[in-house]
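J.: One structure coming up, written as structure tokens, with questions to follow.
2 protein chains.
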Amino acid sequence: MAKVIAGMTISLDGFIADERGDHGMLYSDFEELDGPYLDEVREVTGAALMGRTTFDGAEDPDGYADGYEFQVPIVVLTHDPPAVEPKRNDRLFFSFVTAGVEAAVARAAELAGDRAVTVIGGADLNQQLLAAGLVDELWVDVMPVLLGDGLRLFERAPRLALEKLGVVDMGARTSLRFRVLRPG
Amino acid sequence: MAKVIAGMTISLDGFIADERGDHGMLYSDFEELDGPYLDEVREVTGAALMGRTTFDGAEDPDGYADGYEFQVPIVVLTHDPPAVEPKRNDRLFFSFVTAGVEAAVARAAELAGDRAVTVIGGADLNQQLLAAGLVDELWVDVMPVLLGDGLRLFERAPRLALEKLGVVDMGARTSLRFRVLRPG
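Chain order of the listed sequences is A and B. Residues in the first sequence are numbered from 1 upward in steps of one, following this note's numbering. Residues in the second sequence are numbered from 1001 upward in steps of one, following this note's numbering.
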């Protein structure tokens, strides 16, 4: 089955957004090497998995088909699918899954083929996946900022040993990559 | 004035110890490259700064002079200095400072000479130093484990931009190093 890569970009103090839900402080003022970074993530990604809040973060859901950085099938875990299906193209289309996090992963794995399921966000989905033992790898990118408060990527995660796969040091961003070693 | 290097070793989810105060999970099961790692930290360290709980973490305070990994002057911030001064040697002796965090840093800087003041712990001292704007660099070492709960290194830190100085990837340990950019 396709492996599931969870994780997000965080501040050094562990937040994915500040207390106003603003992600901007994570990226502002830093030289971003998004090109090579995204190329690598895109290369391994066969399907994207996101929560409903992340999906709703787009101003216009039709915009995903027009220019989203991952042009792959996107699975959205939600209690309440949108009435109108967003625009699709040859590579990108949406599956809204209401049957829970395991069903969402199963659907995404089906769509990912021999590539990975990449978890786009948010924090809540990452936490659900970790709690359910559905995460194979964690890719956590640390940005050089302290936010002080906000939404944490990790809240009461299960106690898990990890195996470090590597560190990618690219400009302001440091990408830490781990394999999840499930407790025996 | 000697620069102040704060920071500690944390789990990927940001804890310096689990909910029982146990640091062991951060290190167990990992290949530790403590030799080269400590050599580097020792080389830059002119004086060590610690909180009282960290000082009390030693089974026997006389043991510091006999074999502590930092054989430099040690400043302890405390409300209540011990009645008996611990054993000292030619390089290592204690200064117990009760006049607050700024006084403790000033004393440590005096003792550090042209090398740095290295903050040994704990979380509370790190937080006080950050809040007071007394930190020049943050060296945060991430270990490959999720603890789920415990004592966080960063709790309501001031909002600060950092400049990444570098990443040292040594075995299980990833040392992230930043300069603190004080808000203008």
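By construction, the Cβ of each residue, glycine as well, lies at the ideal position given by its N, Cα and C atoms. Here the structure is a predicted model, which means the values were calculated and not measured.
#1: Thinking C-alpha only, which one of B:Y1027, B:S1095, B:D1056 is nearest M1008 (chain B)?
#2: Is any beta-carbon of chain B found at less than 8 Å from that of G184 (chain A)?
#3: Less than 6 Å between C-beta atoms, sequence neighbours within five positions excluded: which residues of the same chain meet that for G184 (chain A)?
#4: Quick one, which residues of the region 146 to 160 of chain A are near chain B if we go by CB-CB under 7 Å, in chain order?
#5: Would you decide whether V135 (chain A) is buried or exposed? Buried here means 16 or more other CB atoms lie within 10 Å of its CB.
#6: Among B:E1102, B:A1116, B:G1063, B:V1101, whose alpha-carbon lies nearest the alpha-carbon of F1093 (chain B)?
#7: Tell me, please, whether the CB atom of E110 (chain A) is closer than 8 Å to any CB atom in chain B?
#8: If you run the structure through DSSP and keep just helix, strand and coil, what is A1112 (chain B)?
#9: With C-beta atoms as the reference, is V145 (chain A) less than 8 Å away from M25 (chain A)?
#10: Looking at A1002 (chain B) and G1051 (chain B), is the spacing between their C-beta atoms short of 8 Å?
#11: I'd like the list of long-range same chain contacts for T1118 (chain B), defined as Cβ closer than 6 Å, with 5 residues on each side in sequence excluded.
#12: Under a CB-based cut-off of 8 Å, is D114 (chain A) close to chain B?
#13: Which residues share a DSSP beta bridge with V142 (chain A)?
#14: Starting from the N-terminal side, write out each stretch of the beta strand (DSSP E) that is 3 residues or longer and does not extend beyond the region 18 to 73 of chain A.
#15: Verify the CB distance criterion: does F178 (chain A) have a CB-CB separation below 8 Å to chain B?
#16: Could you please give me the residues that DSSP links to D1169 (chain B) through a beta bridge?
#17: Could you have a look at E155 (chain A) and say whether DSSP puts it in helix, strand or coil?
#18: Ignore the nearest five residues each way along the sequence and tell me which others in S95 (chain A)'s own chain have a CB closer than 6 Å to its CB.
#19: Please check the pair L1147 (chain B) and D1018 (chain B), which I expect to be a contact at CB under 8 Å, by giving their CB distance rounded to whole angstroms.
#20: Could you name the residues of chain B that L12 (chain A) contacts, counting a contact when the two beta carbons are closer than 8 Å?
#21: Show which residues of chain A have a CB atom less than 8 Å away from the CB atom of P1036 (chain B).
#22: Please return the same chain residues whose Cβ sits closer than 7 Å to the Cβ of P158 (chain A), not counting the five positions on each side in sequence.
#23: Could one say the Cβ of P144 (chain A) lies closer than 8 Å to chain B's Cβ atoms, at least one of them?
#24: Pick from B:L1162, B:P1081, B:T1174, B:D1066: whose alpha carbon is nearest that of V1180 (chain B)?
#25: Taking the straight line between their C-alpha atoms, what separation do you get for A1116 (chain B) and E1059 (chain B)?
#26: Under a three-way DSSP split, which group does V1084 (chain B) fall into?
#27: Name, please, each residue of chain A whose Cβ falls closer than 7 Å to the Cβ of D1124 (chain B).
#28: With a threshold of 8 Å between beta-carbons, can A17 (chain A) be considered close to chain B, or not?
#29: From this set, A:D149, A:E155, A:R156, which residue's C-alpha is nearest E1155 (chain B)'s C-alpha?
#30: Between which two residues does the beta strand (DSSP E) containing F1096 (chain B) stretch?
T.: Quick look at the numbers:
#1: Position 8 of the second sequence, counted from the first residue, corresponds to residue 1008 (chain B). By alpha-carbon distance to M1008 (chain B), the top candidate from B:Y1027, B:S1095, B:D1056 is B:Y1027.
#2: Locating residue 184 (chain A) in the first sequence gives position 184, where the first residue counts as 1. A caution first: G184 (chain A) carries a pLDDT of 42, below 50, which makes its placement in the model unreliable, though a value can still be read off. For G184 (chain A), the answer is no, since every Cβ of chain B falls outside 8 Å of its Cβ.
#3: For the purposes of this step, residue 184 (chain A) is taken as the residue at position 184 of the first sequence. With a pLDDT of 42 at G184 (chain A), under the threshold of 50, the modelled position of this residue cannot be trusted; read the value that follows with caution. Hits under 6 Å: none found.
#4: Taking 7 Å as the upper bound on Cβ-Cβ separation, chain B lies near residues L146, L147, G148, D149, F154, R156, A157, P158, R159, L160 of the region 146 to 160 of chain A.
#5: Position 135 of the first sequence holds residue 135 (chain A). Burial call: buried.
#6: Along the second sequence, read from residue 1 onward, the residue named residue 1093 (chain B) stands at position 93. Cα-wise, what sits closest to F1093 (chain B) is B:G1063.
#7: Along the first sequence, read from residue 1 onward, the residue named residue 110 (chain A) stands at position 110. False, the Cβ-Cβ gap to chain B never drops below 8 Å.
#8: Indexing the second sequence from 1 puts residue 1112 (chain B) at position 112. If DSSP states are grouped into helix, strand and coil, A1112 (chain B) belongs with the helices.
#9: Your numbering for residue 145 (chain A) matches position 145 in the first sequence. Your numbering for residue 25 (chain A) matches position 25 in the first sequence. Closer than 8 Å, so yes.
#10: Mapped onto the second sequence, residue 1051 (chain B) falls at position 51. Mapped onto the second sequence, residue 1002 (chain B) falls at position 2. No.
#11: Within the second sequence, residue 1118 (chain B) is the residue found at index 118, counting from 1. Cβ neighbours of T1118 (chain B) beyond the five flanking positions: I1005, T1045, A1048.
#12: Residue mapping note: residue 114 (chain A) aligns to position 114 of the first sequence, counting from 1. Taking 8 Å as the CB threshold, D114 (chain A) stays off the interface with chain B.
#13: For the purposes of this step, residue 142 (chain A) is taken as residue 142 along the first sequence, with counting starting at 1. According to DSSP, V142 (chain A) bridges with A:I10, A:T174.
#14: Those beta strand (DSSP E) runs which fall completely within the region 18 to 73 of chain A and span 3+ residues are 45 to 51.
#15: Position 178 of the first sequence holds residue 178 (chain A). Taking Cβ atoms only, chain B reaches closer than 8 Å to F178 (chain A), which makes this a yes.
#16: Mapped onto the second sequence, residue 1169 (chain B) falls at position 169. When DSSP reads this structure, D1169 (chain B) sits in a beta bridge with B:T1174.
#17: Within the first sequence, residue 155 (chain A) is the residue found at index 155, counting from 1. Three-state DSSP puts E155 (chain A) in coil, outside helix and strand.
#18: Position 95 of the first sequence, counting from 1, holds the residue named residue 95 (chain A). Only V75, R107 meet the Cβ criterion.
#19: Within the second sequence, residue 1147 (chain B) is the residue found at index 147, counting from 1. Within the second sequence, residue 1018 (chain B) is the residue found at index 18, counting from 1. Their Cβ separation, rounded to whole angstroms, is 5 Å, which keeps L1147 (chain B) and D1018 (chain B) in contact under 8 Å.
#20: Here residue 12 (chain A) corresponds to residue number 12 of the first sequence, with the count starting at 1. Per Cβ cutoff of 8 Å: L1138, V1140, F1154, L1162, L1176, F1178.
#21: Residue 1036 (chain B) sits at position 36 when you count from the first residue of the second sequence. Residues of chain A whose Cβ lies closer than 8 Å to the Cβ of P1036 (chain B) do not exist; the shortest such Cβ separation is about 16 Å.
#22: To locate residue 158 (chain A), count along the first sequence from 1; it is residue 158. Once the five neighbours on either side are set aside, the close Cβ partners of P158 (chain A) are L130, A131.
#23: For the purposes of this step, residue 144 (chain A) is identified with residue 144 of the first sequence, where counting begins at 1. Closer than 8 Å to some Cβ of chain B, the Cβ of P144 (chain A) qualifies, so yes.
#24: Taking the second sequence and counting its residues from 1, one reaches residue 1180 (chain B) at position 180. Taking only the C-alpha atoms, the option nearest V1180 (chain B) is B:L1162.
#25: Counting from 1 along the second sequence, the entry for residue 1116 (chain B) is found at position 116. Counting from 1 along the second sequence, the entry for residue 1059 (chain B) is found at position 59. If I take the Cα positions, the gap works out to 27 Å.
#26: Numbered from its first residue, the second sequence carries residue 1084 (chain B) at position 84. Three-state result, V1084 (chain B): coil.
#27: Within the second sequence, numbered from 1, the residue matching residue 1124 (chain B) stands at position 124. Neighbourhood of D1124 (chain B) in chain A, by CB distance below 7 Å: empty, with the nearest CB roughly 15 Å away.
#28: As a working note, residue 17 (chain A) is residue 17 in the first sequence. For A17 (chain A), the answer is no, since every Cβ of chain B falls outside 8 Å of its Cβ.
#29: Here residue 1155 (chain B) refers to the residue found at position 155 of the second sequence. Looking only at A:D149, A:E155, A:R156, the smallest Cα-Cα distance to E1155 (chain B) is reached by A:D149.
#30: The residue you call residue 1096 (chain B) lines up with position 96 of the second sequence. If you look at F1096 (chain B), you'll find it in the beta strand (DSSP E) that goes 1094 to 1097.
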